[in-house]
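Single-structure report; data block below.
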Amino acid sequence: LKQVLFRNPNEPPVVFHWFPFVGSTITYGMDPPRFFKENRKKYGDCFTFILLGKKTTVYVGPKGNDFILNGKIRDVCAEEIYHPLTTPVFGKDVVYDCPNSKLMEQKKFMKVALTTEAFRSYVPIISDEVTSYFKRCPDFKGKSGVVNICPKMAQITIFTASHALQGKEIRDKFDETLADLYHDLDMGFTPINFMLHWAPLPWNKRRDHAQRTVAKIYMDTIKARRARGETGAQDIMYHLMNSTYKNGVKVPDHEVAHMMIALLMAGQHSSSSTSSWIMLRLASRPDIMEELYQEQIKNLGPDLPPLTYEDLAKLPLNQAIVKETLRLHAPIHSIMRAVKQPMPVPGTKYVIPPNHVLLAAPGVSATDEQYFPQPMLWEPHRWEKDSPLAPSIVRNAPDNGEEEEEKIDYGYGLVSKGTASPYLPFGAGRHRCIGEQFANVQLQTIVAMTVRLFRFRNVDGQEGVVGTDYASLFSRPLEPANIVWERRDAAQA
Ligand code: HEM
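Here my numbering is used: the first residue of the sequence shown is 1089, the next is one more, and so on.
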């Protein structure tokens, strides 16, 4: 009653809760998308809930996405939220441990390294890593078997990303020390560490030790590469080693090292969760997996030549697999910002006060039937323009096949301004993902190479796919996520 009577009419409604500090923390944490959808029905697109004592205002739908993700720098702040969690893992002076203008410059350095020429060099690297992984992994020996796909995809992701983005020298160290060290770093990257990042807990000690050791490995590698006088490499590390801030200061080695950690951590969880979901979805739709194989035979030739960057554009269904999987399984379910000034919500009487946190959840509009017919159905063909399930953003796209986008310069090159879109798995605005193209190239190559080697299906008795694990920062499949694999050549023999 108190919560209803003393409600401030100029603030969004507050989700009912029994206990002051706990608020809705548990119902939110168990299943964030369900929490957003149920409360949206009760309270509308904009509502507030209590998350560990903090008033957290959710604004869903394209307008909410725009309001939060396109918020002005004087109104919203990402680093205030992310800094305590990320700085002990990434290290000092990068990403959220520096002013936003410096992050913008750092993102620009990384973004400009990701040229078409670089992508062209990455596709063979990624394909070779995938093929050699499946050749040497003991769980894929023989003609067929059952495997929990998530740890396999996590390994493939780290081998492909480290090799392409950080060079062969670093990739080789993943067979030695780096894999375990990254695992320890990962232990410091959990929701509980939003609160306990400072505590002298055993896993925080291991995290701090791993951070120092990994940073030193990168710095030693940088020194060795400089000493060799290397030229013309295509990995991001090499590019950062040779970048200079606007104020004339060369990017120091420790910042290059810390950015390398940040990049791998940012890409690892999101890409490996996505590739796991793709494999699970393919196992539940063997007909689509077969279509993918036939698409390669038809468009690349029956002898399936080594895959190139240009080939990826000739495989529309292969591209749509990634797009559709990210629509249903976006790894980042909540994007948060601290409010710095009172923020009037356009078209409403609400003003969001500075003690609130804003939360954008683009996954809500990506699964809203207003934009996507039969929203919970995984159907990659919906991304074809004349599909009856095509979302309006595809159906109304101009005929040249490109989606119409307004571009804006945030200081690190033109990025899509399309913040009022219902489909934003890579975020939008100044904090938008710089890894989108890389993730697409990486995921499409992994899928194309896997499809060449295997047929997948669900284990007997399983329909559809497993549920989602929301307990870590990035949502991912609940494990064990078992699938049945069968070698294509074994079946033909
Ligand atoms: C930011 C998603 C892969 C690097 C973001 C954001 C999202 C996102 C939603 C915005 C976060 C926010 O606004 O707070 C994804 C997904 C991926 C992916 C779904 C794969 C499927 C990658 C990869 C890299 C990367 C592979 C590195 C190569 C970054 C960076 C930022 C970012 C540096 C900027 C953070 C900021 O400006 O605050 N990503 N990402 N991401 N991502 Fe990704």
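Backbone N, C-alpha and C define an ideal beta-carbon position, used for all residues, glycine too.
- The Cβ-Cβ distance between Ile1376 and Pro1468 falls below 8 Å.
- If you check the CB distance, Ala1252 and Ile1310 do not come in under 8 Å.
- Between the stretch 1378–1395 and the stretch 1326–1343 there are fewer than three C-beta pairs closer than 8 Å, too few to call the two in contact.
- Sorting Ile1571, Glu1574 and Ser1560 by C-alpha distance to the C-alpha of Gly1276 places Ser1560 at the top.
- For the pair Met1537 and Ser1250, the CB atoms are not nearer than the 8 Å cut-off.
- Here the distance from the Cβ of Gly1515 to the nearest heavy atom of the ligand HEM is below 7 Å.
- Under a 10 Å Cβ-count criterion, Asn1335 is classified as exposed, with fewer than 16 other Cβ atoms of the shown protein chains found around its own Cβ.
- With a contact defined as Cβ atoms closer than 8 Å, Met1353 and Val1177 qualify at about 6 Å.
- Of all alpha-carbon atoms in Lys1386, Lys1402, Pro1461 and Leu1531, the one lying nearest the alpha-carbon of Ile1409 is that of Leu1531.
- Looking at the DSSP output, Ile1440 shares a beta bridge with Met1431.
- Counted as a single uninterrupted DSSP element, the stretch harbouring Leu1395 is not any alpha helix (DSSP H), since DSSP gives it neither H nor E.
- With a contact defined as Cβ atoms closer than 8 Å, Leu1414 and Pro1513 qualify at about 4 Å.
- Remark: C-beta atoms of Met1347 and Val1182 approach each other more closely than 8 Å.
- Distances from the alpha-carbon of Glu1567 to those of Ser1361, Ile1423 and Gln1194 put Ser1361 closest.
- By the criterion of a C-beta distance shorter than 8 Å, Asp1227 is surrounded in its chain by Gly1233, Val1235 and Lys1240, once the five residues flanking it on both sides are discounted.
- In chain order, Lys1195, Met1198 and Lys1199 place their CB closer than 7 Å to the CB of Ile1522, counting only its own chain and leaving out the 5 sequence neighbours on each side.
- Shown here, Leu1400 sits in a helix according to DSSP, grouped into three states.
- For Ala1448, the enclosing beta strand (DSSP E) stretches over residues Val1445 to Ala1448.
- Its chain contains Pro1468 and Trp1471 as the residues whose beta carbon lies nearer than 8 Å to that of Lys1411, once the 5 sequence neighbours on both sides are disregarded; these appear in chain order.
- Tyr1147 has Cys1134 as its beta-bridge partners, per DSSP.
- Here DSSP, grouped into helix, strand and coil, assigns Cys1225 to coil.
- For Arg1545, the enclosing beta strand (DSSP E) stretches over residues Phe1542 to Asn1546.
- Counted as a single uninterrupted DSSP element, the stretch harbouring Gly1117 is not any beta strand (DSSP E) but the alpha helix (DSSP H) occupying residues Thr1113 to Met1118.
- Taking C-beta atoms under 8 Å as the contact rule, Ser1359 and Thr1174 fail to qualify, at a distance of about 18 Å.
- Ile1420 carries a coil assignment under DSSP once its states are collapsed to helix, strand and coil.
- Residue environment analysis places Met1367 among the buried positions, since at least 16 neighbouring C-beta atoms fall within 10 angstroms of its C-beta.
- In the DSSP assignment, Ile1169 falls within the alpha helix (DSSP H) that extends over Glu1167 to Phe1178.
- Not one heavy atom of the ligand HEM is found less than 7 Å from the C-beta of Cys1225.
- Residue environment for Ile1305: buried (at least 16 other C-beta atoms within 10 angstroms of its C-beta).
- Looking at the backbone, the Cα of Asp1557 and that of Glu1318 are separated by about 43 Å.
- Annotation for Val1200: the continuous alpha helix (DSSP H) segment containing it runs Asn1188 to Ala1201.
- Distance from the Cα of Pro1187 is smallest, within the candidate group Thr1203, Gly1179 and Glu1168, for Glu1168.
- In the three-state reduction of the DSSP assignment, Ala1454 falls in the helix class.
- Distance from the Cα of Ile1481 is smallest, within the candidate group Ala1315, Tyr1459 and Pro1434, for Tyr1459.
- Using a Cβ distance threshold of 8 Å, Ala1401 and Gln1322 do not count as a contacting pair.
- Judged by pairs of C-beta atoms under 8 Å, the stretch 1260–1277 does not touch the stretch 1338–1345, as fewer than three such pairs exist.
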